[in-house]
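The block underneath contains the structure these notes are about, expressed in structure tokens.
In the numbering used here, the protein residues as written are 2 to 200.
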């Protein structure tokens with residue numbers, strides 16, 4: 002087709018993905034490949050086909066008697082979510098999946114240490130920062146989310162012969178003073194177009 006730009010190097014196959022979490026306000030990585038700052042914690046192993054970043058803006062349409070089509074459409078809100086199933090059970094992953102909570106050591110009848118996880122009470126959920134890292138060969142992408150919160154029910158299947166995963170479901174939070182989310186990448190196809198000559 003005339004004018005078609007076909008470039009198979011722009012096809013992304015995520016050969017490696019990672020999910021990182023941190024406290025809100027933690028310094029974000031400076032670029033797409035620098036080592037993650039020490040304050041960021043990787044959630045560890047995740048199922049190979051569960052990681053999704055969803056962006057779902059909502060719109061309203063104005064209809065008029067003079068047209069069969071909407072005469073104006075305007076956006077009413079933005080909504081973005083992160084979904085991933087965690088394979089590693091740990092106290093910190095439980096806190097992420099349940100939106101916070103407390104972990105304490107308890108006195109046990111045996112000599113081994115035991116721990117108690119208590120989910121947050123109503124009004125006690127905490128926001129966290131998140132980073133989705135996607136690597137395809139030499140190309141790296143980092144979806145940076147400064148504020149996100151767990152806002153769904155948790156359904157953990159405990160079948161006898163199937164791995165039990167922790168479903169992490171995070172809703173992006175926003176504000177007028179900062180970006181709700183953004184992507185940092187070293188992919189050369191993201192380079193802004195050069196300014197026109199002589200201008």
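C-beta atoms are modelled at their ideal positions from N, C-alpha and C, and glycine is treated no differently.
Margin query: Rounded to the nearest angstrom, what separates residue 132 and residue 145 at their Cα positions?
Written below: For the purposes of this step, residue 132 is identified with residue 131 of the chain shown, where counting begins at 1. For the purposes of this step, residue 145 is identified with residue 144 of the chain shown, where counting begins at 1. Across the structure, residue 132 and residue 145 are spaced so that their CA atoms are roughly 5 Å apart.
**Report entry** Rounded Cβ spacing between residue 27 and residue 97 (contact assumed at less than 8 Å)
**Finding:** Locating residue 27 in the chain shown gives position 26, where the first residue counts as 1. Locating residue 97 in the chain shown gives position 96, where the first residue counts as 1. Wrong, their Cβ atoms sit about 14 Å apart, outside the cutoff.
Complete beta strand (DSSP E) runs within the stretch 103-167 (minimum length 3 residues, chain order):
DSSP runs (the beta strand (DSSP E)) wholly in the stretch 103-167: 103-107, 115-119, 129-137 and 140-151.
query = From the DSSP output, which residues share a beta bridge with residue 43?
reply = Position 42 of the chain shown, counted from the start, is the residue given in the question as residue 43. DSSP, once it has assigned bridges, lists 21 as partnering residue 43.
(message) Which residue marks the beginning of the beta strand (DSSP E) containing residue 191, and which one marks its end?
(response) The residue you call residue 191 lines up with position 190 of the chain shown. Counted as a single uninterrupted DSSP element, the stretch harbouring residue 191 is not any beta strand (DSSP E), since DSSP gives it neither H nor E.
Classify residue 93 as helix, strand or coil using the three-state DSSP reduction.
-> Position 92 of the chain shown holds residue 93. DSSP places residue 93 in helix when its eight states are reduced to three.
For residue 126 versus residue 154, is the C-beta distance shorter than 8 Å?
-> Against the chain shown, residue 126 aligns to sequence position 125. Against the chain shown, residue 154 aligns to sequence position 153. In this structure, residue 154 does not lie closer than 8 Å to residue 126 by Cβ.
Q: For the beta strand (DSSP E) holding residue 183, just list the boundary residues, first then last.
A: Numbered from its first residue, the chain shown carries residue 183 at position 182. In the DSSP assignment, residue 183 falls within the unbroken beta strand (DSSP E) covering 183-186.
Next on the checklist: Using a Cβ distance threshold of 8 Å, determine whether the stretch 81-94 contacts the stretch 169-180, with at least three qualifying pairs required.
Outcome noted: Yes, since at least three Cβ pairs between the stretch 81-94 and the stretch 169-180 fall closer than 8 Å, the two stretches touch.
State the Cα-Cα distance for the pair residue 151 and residue 77, rounded to the nearest angstrom. Counted from its first residue, the chain shown places residue 151 at position 150. Counted from its first residue, the chain shown places residue 77 at position 76. Spanning the two alpha carbons is a distance of roughly 22 Å.
N-terminal and C-terminal residue of the beta strand (DSSP E) that residue 73 is part of: Sequence index remark: in the chain shown, residue 73 carries index 72 (1-based). Where residue 73 is concerned, the enclosing beta strand (DSSP E) stretches over 73-78.
Return the Cβ separation of residue 25 and residue 148 in integer angstroms, given the expectation that the two are a contact with Cβ distance under 8 Å.
-> Within the chain shown, numbered from 1, the residue matching residue 25 stands at position 24. Within the chain shown, numbered from 1, the residue matching residue 148 stands at position 147. Yes, they are in contact, since the Cβ atoms of residue 25 and residue 148 sit about 5 Å apart, within 8 Å.
Strictly by DSSP, which residues pair up with residue 84? As a first step, residue 84 must be located in the chain shown, where it is residue number 83. 53 and 170, per the DSSP bridge assignment.
Is the distance from the Cβ of residue 56 to the Cβ of residue 16 below 8 Å?
In the chain shown, residue 56 corresponds to position 55, counting from 1. In the chain shown, residue 16 corresponds to position 15, counting from 1. No, these two residues do not count as a Cβ contact at 8 Å.
* With 16 other CB atoms within 10 Å as the buried threshold, where does residue 142 fall? -> In the chain shown, counting from the first residue as 1, residue 142 sits at position 141. Buried is the call here.
*asked:* Is it the case that the stretch 26-44 contacts the stretch 180-197, given that we only count it when at least three CB pairs across the two stretches are under 8 Å?
replied: As far as the Cβ criterion goes, the stretch 180-197 touches the stretch 26-44, which means the pair count is three or higher.
Residue 63: first and last residue of the uninterrupted beta strand (DSSP E) it sits in: As a working note, residue 63 is residue 62 in the chain shown. The continuous beta strand (DSSP E) containing residue 63 extends over residues 59-63.
query = Looking only at DSSP bridge pairs, what is residue 176 linked to?
reply = Taking the first residue of the chain shown as 1, we reach residue 176 at position 175. Its beta-bridge partners are 179.
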